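Down below is the structure, laid out as structure tokens.
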Amino acid sequence: MKFLSVDYDKALELLLCIEQAYVQFDNDGKFMIPASYSLVDTIKACAISQLEWFGYIIENDESVIIVFRGTKSDVDWLADLKIDQDLFPYVMNGGSVHSGFLSIYQSCREMLLAIVKEKALSKKIFITGHSLGGSLATLLGYEIAMKGICNPNVYSFGSPKVGNIKFKENYDENVRHSLRFVNLYDMVPLSPPFKVEVKPLNIYLEYVQVKHPITFSLNKGSIKNSHHLSTYIEGVKKMQLDYDYTPTFTYKLREAEPAEEEVI
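According to the working numbering, the stretch in the sequence shown is residues 743 to 1006, in order.
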């Protein structure tokens, strides 16, 4: 079995980039560009029908970083709750994905793909996001890899599930460099449930996580706090200092628990 090495310094750098994406949203587009990087472009996307700041793209001599924030506004929450599925339309047999996440991704993908196609000729591509932003990073990394544009490096933090088994199989096979950081006390990576019943059609949608979970264990006393970006920064710092760190219980056992069904 081949194990991916984990660059915790890079993970922490990306988390601090995501932190600035939240600042960007809160300050109407203003944020601090990390030292040694220059701005390529900002990302605006539509959640439902509202255009919002969702992140930015930066570069240095060696790499490009595409950064997505997580849920902030009421319309973001509405998009999160659109857990019906649509076929991923940009690759053949691409599987089915969360319709709310897909709609946001579709509103900004053309600009992102154009930049990736240009920059990937000479630089490494890193794609990162927290929460909802982790889902957007997953979708972008998926399309880039499936189309053979480049081999992106995807780092997600506290990302919910994005798609069905077919999507997962394609992603796991084609996105070679993908790390999904998970706080074991965070419930968001377990959502949506494995099976979602769609009434009155009496059909079931399936949601599964993509590969390579990197886990830590920090109980912050509430679902919100255990999911917060600051908790992920703390968790990665813990792993950065102790490479032999082991969480108190395994994510595999947690995912093996009987899944509740949700009705939509």
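Glycine included, each C-beta is placed from N, C-alpha and C at the ideal position. Here the structure is a predicted model, which means the values were calculated and not measured.
Do you know how far the Cα of ASN835 is from the Cα of MET929?
30 Å
Under the assumption that ILE808 contacts LEU855 (Cβ atoms under 8 Å), give the Cβ distance between them as a whole number of angstroms.
Their Cβ separation, rounded to whole angstroms, is 11 Å, which puts ILE808 and LEU855 out of contact at 8 Å.
Is it right to say ALA763 is buried, meaning 16 or more other beta carbons lie within 10 angstroms of its own, or is it exposed?
ALA763 should be labelled buried.
Taking the beta carbon of MET774 as the centre, do at least 16 other beta carbons fall within 10 Å, making it buried, or is it exposed?
Label assigned to MET774: exposed.
Reducing DSSP to helix, strand and coil, say where THR870 ends up.
strand
Rounded to whole angstroms, how far is the Cβ of LEU971 from the Cβ of ASN925, which I believe are closer than 8 Å?
The Cβ separation is near 11 Å, so there is no contact.
ASN925 - partner residues in DSSP beta bridges
PHE958
List the whole-angstrom C-beta distance separating ILE867 from PRO831, where the pair is believed to meet the contact cut-off of C-beta under 8 Å.
No, ILE867 and PRO831 are not in contact; Cβ-Cβ is about 22 Å, not under 8 Å.
Using 8 Å as the cut-off, can you tell me whether the stretch 768 to 782 makes contact with the stretch 881 to 894, which would need three or more C-beta pairs spanning the two stretches below that distance?
Cβ pair count under 8 Å is below three, so no.
Return the Cβ separation of PRO902 and PRO935 in integer angstroms, given the expectation that the two are a contact with Cβ distance under 8 Å.
With a Cβ gap of about 11 Å, PRO902 and PRO935 do not count as contacting.
Evaluate LYS910 with the Cβ neighbour count: other Cβ atoms within 10 Å of its Cβ, from every protein chain shown; 16 or more gives buried, anything less gives exposed.
buried
Going by beta carbon distance, what residues of the same chain come within less than 6 Å of GLY875, once the five residues before and after it are set aside?
PHE810, ARG811, GLY812
Buried/exposed call for ILE907, threshold 16 Cβ in 10 Å:
exposed
Give me the Cα-Cα distance between GLU1004 and LYS941, rounded to the nearest whole angstrom.
Because the pLDDT of GLU1004 is 41, which lies under 50, any placement of that residue in the model is unreliable, and the question is left without a value.
Write down the C-beta distance between LEU947 and ASP826 rounded to the nearest angstrom, noting that I regard them as a contact closer than 8 Å.
With a Cβ gap of about 7 Å, LEU947 and ASP826 count as contacting.
Report the partner residues of ILE945 according to the DSSP bridge assignment.
VAL940
Report buried or exposed for ILE965, applying the criterion of at least 16 other Cβ atoms within 10 angstroms of its Cβ.
exposed
Please report the straight-line C-alpha distance between GLN766 and ASP914, rounded to a whole angstrom.
32 Å
With distances taken Cα to Cα, identify the nearest neighbour of LYS865 among TRP819, SER838, GLU801.
Comparing Cα-Cα distances from LYS865 to each of TRP819, SER838, GLU801, the minimum goes to GLU801.
If you draw a straight line from the alpha carbon of GLU976 to that of GLU761, how long is it in whole angstroms?
13 Å
Span separating the alpha-carbon of TYR847 from that of SER841:
In a straight line, the C-alpha of TYR847 is about 10 Å away from that of SER841.
Alpha-carbon to alpha-carbon, GLY797 and ASP984
31 Å
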